[in-house]
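Please read the structure below before turning to the comments.
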Amino acid sequence: MNVLLLGSGGREHALAWKIAASPLLTKLYASPGNPGIGSVAELVKLDMSDHSAVAAFCQEKKIDLVVVGPEGPLVAGIADDLRAWGIRVFGPSKAAARLEGSKGFTKDLCAKFNIPTAAYGRFGDLASAKAYVEKTGAPIVIKADGLAAGKGVTIAMTLEEALAALEACFEGAFGTAGAEVVVEEYLTGEEASFFCLCDGATALPFGTAQDHKRVGDGDTGPNTGGMGAYSPAPVMTAEMTERTMREIIEPTMRGMANLGAPFAGILFAGLMITDQGPKLIEYNTRFGDPECQVLMMRLKDDLLILLNAAVDGQLAHMSARWSDEAALTVVMAARGYPGTPEKGSVIRGLDEAAGEGAEIFHAGTAINGGALVANGGRVLNVTATGATVGEAQRRAYAAIDHIDWPQGFFRHDIGWRAVEREKAGA
Ligand code: AMP
Ligand code: GLY
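The letter at position 93 of the sequence shown is residue 919 when you use our numbering, and the numbering goes up by one with no holes.
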């Protein structure tokens, strides 16, 4: 098969690495890709917003499957447009990608199909949103409805913060994404990322992970896209997984089919495991980044076979097998992230680091004058496996010791919650 992978982050490098391991693969193209992806794929420059240009490329190169990494093109309808050209695509339709593209859409779906989630209100104007917040009080969570690159959520511990967040949204801090706002109950518990591979009718559980969203050690500082992750998530026991499938995922699959928008692709449920059980925080309609990196390290089966089965509506006949080992990834970021990162600093020592048994996925790198340089906020994902999360953690940090990049930084405590659990259980 000829495959085109769209995207350029660590998630896409992990997908490319796994797809490249499939005996089904003839040739892998990636756009725009990055230097790490370039080691297993031919990089091509396509304008992802120009769906006809992507389709023309697919026809010219006889692409058998397009795999879409990020949410932007999905919400913009790239899967529908390519399918209209007869091209097979792994990724949800525009209507199904509303699960990520509109938080209000997902909350209404939950209400309609009785899916456990935080209580909420949806507002299109400041006055009614303020009245709701004043009535319910703090802590409370304010979310811009649309895609806001992970920045549209405010956890307001006081009424003043909540009102300020509402004003910022309606004043256009998130552009059109904030023209509508979801206000919701503040949930407490432990968070987990839960993935399902979906074909419109069947949802196949596809791994669990825990992410570290805050930039600093001890979960301090501003939110990021994720500074590290590990898999599996210990909180997702067999019982919790069964409840999540029955109470959240399966009603969502039925609900979406009911609305005429069956979901096919990766459904990524951000969960809060509360005293009452799992509650949906949000859906994403793609793999998590960096969660995908740890999932791909643990997936024993051929990813390309599974993606094809999802596209062909054949998941009811499939299973996915996972390594018993844990996997952990540490994000190395460029100074300044999650604000404006410094670009262009030279990175050395990756070969030595990989010698420690780690996979190093590139997230934001470039080649400049023959040298590997930082070219984004999150730059490298140093990923390792081990019999325990603690062992995977030791291996990942041992690999980082070999990386010579003074302008980079990383968290020193990725996996702390699981490692503490392991110590307590030992
Ligand atoms: P989101 O962009 O929706 O994933 O939200 C970012 C982060 O905000 C989540 O990972 C949670 O840590 C937190 N969060 C979102 N909604 C809630 C909620 N209702 N209660 C508590 N925390 C939340
Ligand atoms: N790591 C969280 C996300 O990909 O949305």
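Note that the Cβ used here is the ideal one computed from N, Cα and C, for glycine as well.
{"Asked": "Delimiting residues of the alpha helix (DSSP H) encompassing E1006", "Found": "Premise fails: E1006 is in no alpha helix (DSSP H) and is neither H nor E."}
{"Asked": "Under the three-state DSSP convention, the category H1143 falls into", "Found": "helix"}
{"Asked": "Whole-angstrom distance between A1018 and V870, CA atom to CA atom", "Found": "35 Å"}
{"Asked": "Any residue whose CB is nearer than 5 Å to a heavy atom belonging to ligand 2, listed in chain order", "Found": "D1037, G1052, G1114 and D1115"}
{"Asked": "Supposed close pair G1234, V1199 - CB separation, criterion 8 Å", "Found": "Actually they are not in contact, since the Cβ atoms of G1234 and V1199 sit about 11 Å apart, beyond 8 Å."}
{"Asked": "Beta bridge counterpart(s) of G1212 as assigned by DSSP", "Found": "A1152"}
{"Asked": "Within the region 846-933, ranges of the alpha helix (DSSP H) (whole runs, at least 4 residues)", "Found": "877-886, 897-901, 904-910 and 924-927"}
{"Asked": "Rounded separation between H1238 and A1224 - CA only", "Found": "12 Å"}
{"Asked": "Pair within 8 Å by beta-carbon distance, P918 and T1111", "Found": "yes"}
{"Asked": "E1108: CB within 7 Å of a non-hydrogen atom of ligand 1", "Found": "yes"}
{"Asked": "Sub-8 Å separation of A1090 and G1026 beta-carbons", "Found": "yes"}
{"Asked": "A1179, DSSP secondary structure in three states", "Found": "helix"}
{"Asked": "Cut-off 8 Å between Cβ atoms - residues of its own chain near A867, not counting five sequence neighbours on either side", "Found": "L831, A842, A846, L854, Y855, A856 and G859"}
{"Asked": "Of the residues W1231, I889 and G1216, the one placed nearest K1249, counting alpha carbons only", "Found": "G1216"}
{"Asked": "Three-state class that DSSP yields for S834 in the structure shown", "Found": "coil"}
{"Asked": "Residue closest to I941, alpha-carbon to alpha-carbon, out of R909, A1095 and E1016", "Found": "A1095"}
{"Asked": "Close Cβ partners of G1195 (< 7 Å) along its chain, the five nearest in sequence each way excluded", "Found": "none"}
{"Asked": "Burial state of D907, where buried means 16 or more other Cβ atoms lie within 10 Å", "Found": "buried"}
{"Asked": "Pairwise C-alpha distance: I1074 and A944", "Found": "13 Å"}
{"Asked": "For R1112, the three-state DSSP class (helix, strand or coil)", "Found": "coil"}
{"Asked": "Separation of L1176 from F1187, as counted between CA atoms", "Found": "10 Å"}
{"Asked": "Beta-bridge partners of I1173, as assigned by DSSP", "Found": "I1173 pairs with nothing; no bridge assigned."}
{"Asked": "Separation of Q1219 from T1002, as counted between CA atoms", "Found": "41 Å"}
{"Asked": "DSSP-derived helix/strand/coil call for I1131", "Found": "helix"}
{"Asked": "Per-residue DSSP class, three states only, for H1188", "Found": "strand"}
{"Asked": "Residue from V1008, A988, A953 and I1240 with nearest C-alpha to D971", "Found": "V1008"}
{"Asked": "7 Å CB neighbourhood of L989 in its chain, flanking five on each side removed", "Found": "K956 and V959"}
{"Asked": "Whole-angstrom distance between A881 and V1061, CA atom to CA atom", "Found": "42 Å"}
{"Asked": "Buried versus exposed call for S928 [16 or more other C-beta atoms within 10 Å across all chains shown]", "Found": "buried"}
{"Asked": "Proximity to I966 [Cα-Cα], best of G1081, R948 and L985", "Found": "L985"}
{"Asked": "Endpoints, beta strand (DSSP E) assigned at Y946", "Found": "Y946 to F949"}
{"Asked": "Outcome for A879 when other beta-carbon atoms lying within 10 angstroms are tallied against a minimum of 16", "Found": "exposed"}
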